[in-house]
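Since the structure comes first, as C-alpha cells, the remarks are kept for the end.
Residue numbers (the numbering used here): 980 to 1281.
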C-alpha cells in the first residue's frame, strides 16, 4: 500500500526529560498504536533526541501492526523539551526525517493545546521544573521556566533546594529545626559535608526528590515545611495571574506536583483553574492534523 492510496495517518510525539511517548491515530481519531522510548529532551543532544523519537514511533507502528516503512505515511507532530533554545528549531528543520510531514514545537506548546482541546488557554506546569505557557489568539506567551536554579520557582527542584538550605541552617542553629529539617539531614547521615559532596553532581531531578517529603511534612503541620510550600505556592500564583493578564481565560495546572500544590494556591487563582481535557500527545496529534491540512490546502497570496 502506498502513501497516495493510504487514508491519512497521524502520529503525535511528546519528548520530555523523563521519556518519549508516541501515539498513532487514523483520520477518524481512532488510536491504532502507542510507543515509548527514553528521554528525548534536546538537552541530551539532537541526535539522541531524534533517535528516541524514532524509537517511540517505531514501537507505535509495531503495536498498530504497520510495517517498518509506514513512517513515511505518517503526518507527525513532535513536541520536544528544549526547542526554545537558540538555534535548536533551525537545526531540527534542517535534519532529514522519515515522516510524510513533520512539525516540531516545544513540549509546552503541545501540552497547552492538549489540555484545552485545541482551544485558547494557558497551562502552568509544576513538576521537577515550572513554567507558565499560553496560546491566545494565535500568539504564544511564556512565563518563567528558564531552568533551575536561576528560574523554575515553585517547582520540585526549587522546593528541594529550600528544604536543604533550611536544614543546613537549622543544623548550625541559625534557624529553627523541625521534623522536616531533621529528616532532610538524616538523608545526609546528619553530616553537612555529605550534603556538600551530594551537591556537586546533583541535578534538578535530584533536588526534586525532596519535594514529596516537604509536601508530606507541610500537610502534617511542620512549620518549616509549611513556610517552603507557601512560598512555592506564591510563585505558582504569580504564573497563573500573569497568564491571565496575557488573555488566557482558561488555565490548567499540570505536572507531578499539580495535585498536591493546588490546595495551597490562593482562592482567586484556584477559581481560574480548569480540568485538563487531553494530554500532550493529543496536542501533538492536533498539530500533525493542522500541518497535513495546510499541506493539502496551502494558503494563497493576493
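The beta-carbon is built from N, C-alpha and C at its ideal position, and this holds for glycine as well. All values reported here derive from a predicted model rather than from experimental measurement.
Under the DSSP assignment, residue 1150 falls in the alpha helix (DSSP H) whose first and last residues are 1135-1150. Taken in chain order, the complete alpha helix (DSSP H) segments of 4 residues or longer contained in the segment 1043-1073 are 1067-1073. Taking a C-beta distance under 8 angstroms as the contact criterion, residue 1093 and residue 1258 qualify as a contact pair. With respect to the 8 angstroms criterion, residue 1143 and residue 1174 are classified as neighbours on the basis of their beta carbons. The segment 1264-1275 makes no contact with the segment 1224-1242; the number of CB pairs closer than 8 angstroms stays below 3.
DSSP places residue 1015 in the strand class (E or B) of the three-state scheme. Annotated as distal: residue 1029 and residue 1040, with beta-carbon spacing of 8 angstroms or more.
Note on the segment 1218-1273: whole alpha helix (DSSP H) runs with a minimum of 4 residues are 1237-1240 and 1246-1251, in chain order. Annotation: the continuous alpha helix (DSSP H) that includes residue 1195 extends over 1190-1198.
Taken atom to atom, the span from the alpha-carbon of residue 1220 to that of residue 1138 is near 21 angstroms. In the DSSP assignment, residue 1109 is bridged to 1105. Residues 1028, 1059, 1060, 1061, 1062, 1064 and 1067 of the same chain have their beta carbon placed closer than 8 angstroms to that of residue 1021, with the five preceding and five following residues left out of the count. As computed with DSSP, residue 999 is found in a beta bridge with 994 and 1016. Scanning its chain for C-beta atoms nearer than 6 angstroms, with the 5 sequence neighbours on each side dropped, one finds around residue 1104 the residues 1110, 1233 and 1234, in chain order.
Secondary-structure assignment with DSSP links residue 1118 through a beta bridge to 1115.
The continuous alpha helix (DSSP H) containing residue 1175 extends over residues 1171-1178. Taking a contact as a CB-CB distance under 8 angstroms, the pair residue 1019 and residue 1031 counts as one, their CB atoms being some 4 angstroms apart.
A Cβ-Cβ contact shorter than 8 angstroms links residue 1261 with residue 991. By the CB criterion at 8 angstroms, residue 1248 and residue 1198 fall outside the cutoff. By the criterion of at least three beta-carbon pairs nearer than 8 angstroms, the segment 1122-1138 is in contact with the segment 1183-1192. Annotation: the continuous alpha helix (DSSP H) that includes residue 1163 extends over 1158-1166. For residue 1083, the enclosing beta strand (DSSP E) starts and ends at 1080-1085. Comparing alpha carbon positions, the residue from 997, 995 and 1002 closest to residue 1267 is 1002.
With a contact defined as Cβ atoms closer than 8 angstroms, residue 1112 and residue 1121 qualify at about 5 angstroms.
Remark: C-beta atoms of residue 1203 and residue 1159 approach each other more closely than 8 angstroms. When secondary structure is reduced to three states using DSSP, residue 1009 falls in the coil class, being assigned neither helix nor strand. Just so you know, the alpha carbons of residue 1207 and residue 1148 end up roughly 14 angstroms apart. As computed with DSSP, residue 1041 is found in no beta bridge at all. Distance from residue 1243 to residue 1263 at the Cβ level is roughly 31 angstroms; contact not present, criterion being Cβ atoms closer than 8 angstroms. For residue 1265, same chain residues with a beta-carbon under 6 angstroms away, outside a window of 5 residues either side, are 1092 and 1097 in chain order. In this structure, residue 1140 sits away from residue 1053, with a CB-CB distance that is not shorter than 8 angstroms.
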